[in-house]
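Colleague: This is the structure, below, for whatever I ask next.
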C-alpha cells in the first residue's frame with residue numbers, strides 16, 4: 032500500500048492505479064436483488080470503507096470511512112449496434128477517472144445489459160484498497176449473497192477476516208528475525224542491480240494509460256505451449272516468462288535486467304480470507320546472452 036501511495040503522489044490525478052474486471056453473466060438478473068447483494072457485501076468489506084489521509088508530518092494513513100450513499104450504475108445497451116463494444120467503451124471511460132483517496136469511495140460497480148439475458152458486471156477498485164485476490168474474494172461473496180437473496184434464504188455470515196488481524200500479523204513479522212534476514216538477503220542480492228531495461232531507451236514518470244493487445248490461444252496453440260512446458264519440466268507460465276525475458280533482451284540488448292513478478296503473499300497468512308491489499312512484487316534478476324536457448328532461460 033505504501034508503494035502504491037507513493038506512486039500515486041507522483042501524479043495525483045492519474046487513474047493508473049484503478050483496477051477492474053468484468054464478469055459475464057448468462058441468464059436473467061434481478062437488478063434490485065443484485066444491487067442489494069452488492070450493498071450488503073460492500074458494507075461488510077472493511078477495505079471498501081476506507082479513505083487515505085496525510086498527517087501534519089506528511090505520513091499517509093488509512094482511516095475508516097463508510098462508503099455511504101453510493102449507487103450501482105445500470106444501463107440497457109441491447110439497442111446499440113454492438114452492445115459489448117459499447118460496454119467496454121463505457122468501462123474504459125470509467126477506468127480513466129481518478130479516485131479521490133481522501134474522500135472515496137475507492138470502488139465502483141456497474142451492471143450492463145448486453146443481450147436479452149446476458150449482463151456484464153463491472154467492478155472497479157483502487158489498487159491501494161484491494162489486490163486481485165481480494166477482488167476475487169469480494170466477487171465470490173457477492174455471488175453467495177445474491178444466490179441466497181434470490182432464493183429467499185437467510186444470508187450466511189461472512190467468512191472474511193479482519194484488517195486488524197492482517198496488520199497484527201504484518202507487525203509481528205516486521206519485528207521478527209525472519210524479516211531482518213529477508214531484508215539483508217534482498218539488499219545484498221540487488222546491491223549492484225542492473226539499470227532499468229526499456230525498449231524506449233529512456234525512463235519517465237509512469238504513464239496514466241498503457242497499451243494492451245489481447246491474443247487468445249486456440250486449443251492447438253495451447254497444447255503446443257503445454258508440450259514445451261512438459262519437455263522443459265516447467266509450468267506454461269514459466270515458459271512465457273522465459274519468452275518475455277528473451278523478447279526484452281532482443282528489444283533492448285541489455286545483458287541483464289530485473290523483471291517484476293506479482294506475488295500473492297497470502298499462503299499461510301490470515302490474509303487468505305481478508306479482502307485487502309497485501310500483494311507484493313518480487314524482483315527476478317535475469318542474465319541473457321544471444322546464444323541462450325529457451326531451456327537456458329527457463330533454468
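Numbering (the working numbering), first residue to last: 32 to 330. Even for Gly, the Cβ is constructed at its ideal location relative to N, Cα and C.
#1: Use the C-beta contact count for residue 139: other C-beta atoms within 10 angstroms, 16 or more gives buried, fewer gives exposed.
#2: If you draw a straight line from the C-alpha of residue 201 to the C-alpha of residue 90, how long is it?
#3: Is residue 72 helix, strand or coil by DSSP?
#4: Buried or exposed for residue 114, please, with buried defined as at least 16 other CB atoms from any protein chain shown within 10 angstroms of its CB.
#5: Determine whether the beta carbon atoms of residue 306 and residue 168 lie at a separation below 8 Å.
#6: For residue 217, collect the residues of the same chain with a Cβ closer than 7 Å to its Cβ; drop the 5 residues on either side in sequence, then sort them by chain order.
#7: For residue 47 and residue 238, what's the separation of their Cα atoms in angstroms?
#8: Per DSSP, what kind of secondary structure is residue 198 in: helix, strand or coil?
#9: Which residue comes first and which comes last in the alpha helix (DSSP H) that contains residue 214?
#10: Secondary structure at residue 314, three-state DSSP: helix, strand or coil?
#11: Determine the direct distance from the alpha carbon of residue 88 to that of residue 244, and round the result to whole angstroms.
#12: Could you name the residues of the same chain whose beta carbon sits closer than 7 Å to that of residue 108, not counting the 5 residues immediately before and after it, in chain order?
#13: Helix, strand or coil for residue 95, going by three-state DSSP, please let me know.
#14: So, with DSSP's three-state summary, where would you put residue 65?
#15: Starting from residue 281, trace the alpha helix (DSSP H) in both directions and tell me its first and last residue.
#16: Residue 152 bridges to which residues according to DSSP?
#17: Would you say residue 103 and residue 51 are within 8 Å of each other, going by their C-beta atoms?
#18: Whose CA, out of 75, 172, 226, lies closest to the CA of residue 290?
#19: As an exercise, report each continuous alpha helix (DSSP H) stretch of at least 4 residues that is fully enclosed by the stretch 97-143, in chain order.
#20: Using the Cα positions of residue 331 and residue 273, report the straight-line distance between them to the nearest angstrom.
#21: If you run the structure through DSSP and keep just helix, strand and coil, what is residue 288?
Modeller: Let's see:
#1: buried
#2: 19 Å
#3: helix
#4: buried
#5: yes
#6: none
#7: 7 Å
#8: helix
#9: 208-220
#10: strand
#11: 43 Å
#12: 114, 117, 118, 143, 144, 145
#13: strand
#14: helix
#15: 267-283
#16: 54, 142
#17: no
#18: 226
#19: 114-126
#20: Here the chain comprises residues numbered 32 to 330, so residue 331 is not present and cannot be evaluated.
#21: strand
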